[in-house]
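Just below is one structure, and these are the notes that go with it.
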Amino acid sequence: MMLQLSGVHAHYGAIHALHGVDLSVQVGEVVTLIGANGAGKSTLMMAIFGQPRASSGRVVFDGEDITGLPTHEIARRGIALVPEGRRIFPRMTVMENLQMGAVLGEETNFEVDLKRMYTLFPILEERCTQRAGTLSGGEQQMLAIARALMSRPQLLLLDEPSLGLAPLYIKKIFQIVRELNRDHGMTILLVEQNAHHALRVAHRGYVLQHGQIILSGTGRELLANPEVHAAYLEGGHAAPAAQPAA
Amino acid sequence: MALALQQLINGLTLGAVYGLIAIGYTMVYGIIGMINFAHGDIYMVSAFIAVTVFTLLASFGISSVPLSLLVVLLVAVFFTSIYGWTVERTAYRPLRGSTRLAPLISAIGMSIFLQNMVQLTQGARVKPVAPVLVGGIDILTIDGFTVRLAYSQVLIVVVTVALMAGFTWLITKTSFGRQQRSCEQDRTMTALLGINVDRTISLTFMLGAALAAVAGVMVTVYYGVVDFFIGFVAGIKAFTAAVLGGIGSLPGAMLGGLLIGLIEAFWAAYLSAEYKDVATFTILILVLMFRPSGLLGRPEVEKV
Chain A
1 MMLQLSGVHA HYGAIHALHG VDLSVQVGEV VTLIGANGAG KSTLMMAIFG QPRASSGRVV
61 FDGEDITGLP THEIARRGIA LVPEGRRIFP RMTVMENLQM GAVLGEETNF EVDLKRMYTL
121 FPILEERCTQ RAGTLSGGEQ QMLAIARALM SRPQLLLLDE PSLGLAPLYI KKIFQIVREL
181 NRDHGMTILL VEQNAHHALR VAHRGYVLQH GQIILSGTGR ELLANPEVHA AYLEGGHAAP
241 AAQPAA
Chain B
1 MALALQQLIN GLTLGAVYGL IAIGYTMVYG IIGMINFAHG DIYMVSAFIA VTVFTLLASF
61 GISSVPLSLL VVLLVAVFFT SIYGWTVERT AYRPLRGSTR LAPLISAIGM SIFLQNMVQL
121 TQGARVKPVA PVLVGGIDIL TIDGFTVRLA YSQVLIVVVT VALMAGFTWL ITKTSFGRQQ
181 RSCEQDRTMT ALLGINVDRT ISLTFMLGAA LAAVAGVMVT VYYGVVDFFI GFVAGIKAFT
241 AAVLGGIGSL PGAMLGGLLI GLIEAFWAAY LSAEYKDVAT FTILILVLMF RPSGLLGRPE
301 VEKV
């Protein structure tokens with residue numbers, strides 16, 4: 001088992017955001033977490049990193065209890081996050097952002113990894129001396145993913161990577177998720193509002209509602225589940241979350 | 001004309017010292033968004049360390065100027081950095097995550113504490129140090145007024161320029177510099193990348209203190225006297241320099257320091273030497289009123 005959350009409660013300020021979440025990710029899996037806005041998806045991702053720290057319950061990564069560790073120590077165990085809203089460093093160049101991602105990596109890997117990222121996202125090579133804040137939303141998302149991959153993580157967490165992107169970029173993002181998993185064996189936990197895409201790419205999925213897991217199953221099962229269909233797929237189809245910003 | 005040239009030299013010297021101190025204010029503001037009011041007193045502590053070490057070296061009979069300067073600089077930088085680290089660790093870090101005002105009040109307390117500590121242990125009187133670097137070059141004489149460039153002024157300007165060049169390289173090109181800048185932009189994200197943010201903040205305080213330490217040594221060499229109160233005035237002037245340049249901007253701190261030094265020198269020469277401090281505080285008020293982001297500050301538009 002790569003990641004195991006058991007009975008995780010978390011508070012965000014005065015809000016009790018997670019009510020005893022159980023979730024697991026196996027080596028080599030793509031697991032998705034879907035749910036409406038405000039269900040606690042991002043809080044769950046951040047709680048894995050202790051931001052906020054779980055008020056009760058346990059987070060175990062690779063056999064080690066990481067619940068109480070400082071955020072940077074959790075990252076050092078081999079978990080990388082592409083956070084909601086991307087959070088690239090806007091006043092640094094694209095190259096510097098990638099260097100920041102590589103802080104945990106071996107220095108000798110840097111050139112190889114950089115080349116790999118440029119192959120994966122050619123746009124980043126073109127823009128490498130440009131300030132990251134001047135990139136379009138889709139380009140920033142590519143940069144955020146590349147930055148996370150630069151540390152060669154064992155587990156990649158993606159928080160709403162398709163949010164606010166043009167359809168072309170959304171397609172590209174899910175294609176990359178599939179590629180990373182299939183060709184590089186990357187284990188991925190993917191949070192998405194775009195349930196249709198997410199469930200198709202994932203081996204398994206969880207549905208989060210009001211801070212609790214209400215359903216889980218394989219991607220296919222959840223896609224076929226009438227409740228999921230009614231709550232997350234039809235609405236999602238009629239009014240796609242994707243509003244082109246780029 | 002001759003007086004103007006002389007004041008230009010004096011102003012640049014003074015400005016270099018203010019610039020070195022101002023960097024400490026601006027870096028700390030950039031990374032944790034607080035004004036470290038104890039920073040001026042850190043500089044004062046370093047001046048006292050310099051006096052002590054100069055006196056010690058003299059009593060050992062070491063008379064080589066370059067050697068004693070080097071030893072004093074190293075010792076002062078070392079101990080002052082430890083002061084910087086300790087101040088952050090004890091007075092500011094425990095308050096992180098509380099209200100914005102709390103560390104500010106703590107900083108004022110720390111400033112009073114350092115002043116009183118030095119006053120108690122070193123005495124309240126002005127402490128002189130035997131002249132270290134005497135002499136200078138007479139540049140030119142007009143109407144009986146000789147423009148003089150003291151060796152100590154040359155030292156201050158050369159050391160400052162070298163330090164600022166090295167420092168700029170450190171911040172823009174090295175891994176530590178990138179981590180420092182990323183902390184300024186997004187501390188949580190920096191931690192998510194596996195970087196120990198607390199450690200980066202500690203190092204920032206130490207670096208600011210180290211630059212202030214060099215300023216303290218330079219001023220001791222230049223004026224030959226120190227007292228426990230010099231940190232207050234120099235601190236506020238350097239703070240003004242940082243605000244004038246744009247708080248949070250490193251080139252701004254350097255530029256602001258130079259400008260404050262020059263303005264003060266010319267004000268003292270042509271308007272009133274007694275009221276030279278008024279010049280600085282007038283600038284502080286004007287900048288805060290009309291251009292709070294300073295000369296090189298950043299009201300920048302970014303795509304999010």
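As given, the protein sequences belong to chains A and B, one line each in that order. Just so you know, we're using the working numbering here: the first sequence kicks off at 1 and counts up by one. Just so you know, we're using the working numbering here: the second sequence kicks off at 1 and counts up by one. Even for Gly, the Cβ is constructed at its ideal location relative to N, Cα and C.
Suppose the cutoff is 8 angstroms on Cβ atoms and the five residues either side in sequence are ignored; what does the same chain contact list for B:Leu104 look like? Met34, Ile35 and Phe37
Coil, strand or helix - B:Leu284 by DSSP: helix
Between the C-alpha atoms of A:Leu99 and A:Glu126, what's the straight-line distance to the nearest angstrom? Position check: residue 99 of chain A holds Gln in this sequence, whereas Leu was assumed. One C-alpha to the other measures close to 16 angstroms.
Residues that A:Leu81 contacts on chain B, provided the C-beta gap is smaller than 8 angstroms: Leu192
Quick one: grab the DSSP three-state call for B:Phe266. helix
Residues from the region 94 to 112 of chain A in contact with chain B, defined by Cβ distance under 8 angstroms: Glu96, Gln99, Met100, Gly101, Val103 and Leu104
For B:Ala209, collect the residues of the same chain with a Cβ closer than 7 angstroms to its Cβ; drop the 5 residues on either side in sequence, then sort them by chain order. Gly24, Ile42, Thr80, Ser81, Tyr83 and Gly84
Under the assumption that A:Gln141 contacts A:Tyr169 (Cβ atoms under 8 angstroms), give the Cβ distance between them as a whole number of angstroms. 7 angstroms
If you run the structure through DSSP and keep just helix, strand and coil, what is A:Arg178? helix
From the DSSP secondary-structure annotation, give me the bridge partner or partners of B:Asp41. DSSP output for B:Asp41 lists no bridge partner at all.
Can you give me the C-alpha to C-alpha distance between B:Val77 and B:Thr220, rounded to a whole angstrom? 14 angstroms
If you draw a straight line from the C-alpha of B:Gly305 to the C-alpha of A:Glu106, how long is it? Any question about residue 305 of chain B goes unanswered here, given that chain B covers just 1 to 304.
Residues of the region 170 to 185 of chain B with a CB closer than 9 angstroms to any CB of chain A: list them in chain order, please. Ser175, Arg178, Gln179, Arg181, Ser182, Glu184 and Gln185
Below 7 angstroms between beta carbons is the criterion; list the residues of the region 147 to 162 of chain A that meet it against any residue of chain B, in chain order. Ser151
Quick check: is the beta carbon of B:Ile247 nearer than 8 angstroms to any beta carbon in chain A? no
My assumption, with CB atoms under 8 angstroms, is that B:Ser293 sits in contact with B:Gly246. Please give the rounded CB distance. 6 angstroms
Can you tell which of A:Ile214, A:Glu96 and A:Arg200 has the C-alpha that lies nearest to the C-alpha of A:Leu18? A:Ile214
Can you tell me the Cβ-Cβ gap for B:Leu286 and B:Val243, rounded? I've got them flagged as a contact below 8 angstroms. Actually they do not touch by this definition, with Cβ atoms about 10 angstroms apart.
Since A:Glu221 is in the alpha helix (DSSP H), which residue starts that stretch and which ends it? Gly219 to Ala224
Are the CB atoms of B:Gly40 and B:Ala279 within a distance shorter than 8 angstroms? no
9 angstroms Cβ cut-off: residues of chain A touching B:Ile195: His72, Ala75, Met100, Val103 and Leu104
Could you tell me whether the region 140 to 158 of chain A touches the region 69 to 89 of chain A, where touching means 3 or more Cβ pairs closer than 8 angstroms? yes
What's the gap between the Cα of A:Glu111 and the Cα of A:Glu96? 13 angstroms
Tell me where the beta strand (DSSP E) around B:Thr146 begins and ends. Phe145 to Ala150
Could you give the DSSP three-state label for A:Tyr232: helix, strand or coil? helix
Could you tell me which uninterrupted beta strand (DSSP E) segments, each at least 3 residues in length, are contained entirely in the region 18 to 45 of chain A, listed from first to last along the chain? 30 to 34
Between the C-alpha atoms of A:Pro122 and A:Cys128, what's the straight-line distance to the nearest angstrom? 10 angstroms
What span of residues does the beta strand (DSSP E) with A:Ser6 cover, start to end? Leu3 to Tyr12
Any idea if B:Ser106 is buried or exposed, counting beta-carbon neighbours within 10 angstroms, 16 or more meaning buried? buried
Using the Cα positions of A:Arg58 and A:Leu44, report the straight-line distance between them to the nearest angstrom. 12 angstroms
Contact defined as beta carbons within less than 8 angstroms: I believe A:Leu208 pairs with A:Gly40. What is the distance between those atoms, to the nearest angstrom? 6 angstroms
Residues in the region 38 to 61 of chain A with C-beta within 7 angstroms of chain B's C-beta atoms, listed in sequence order? Phe49 and Gln51
Within its chain, find whatever has a CB closer than 6 angstroms to the CB of B:Leu57; leave out the 5 residues flanking it on each side and keep chain order. Ser68
So that I know if they touch, is there some Cβ in chain A lying closer than 8 angstroms to that of B:Met189? yes
Suppose the cutoff is 8 angstroms on Cβ atoms and the five residues either side in sequence are ignored; what does the same chain contact list for B:Val126 look like? Val225, Val226 and Asp227
What's the gap between the Cα of B:Met164 and the Cα of B:Ile62? 29 angstroms
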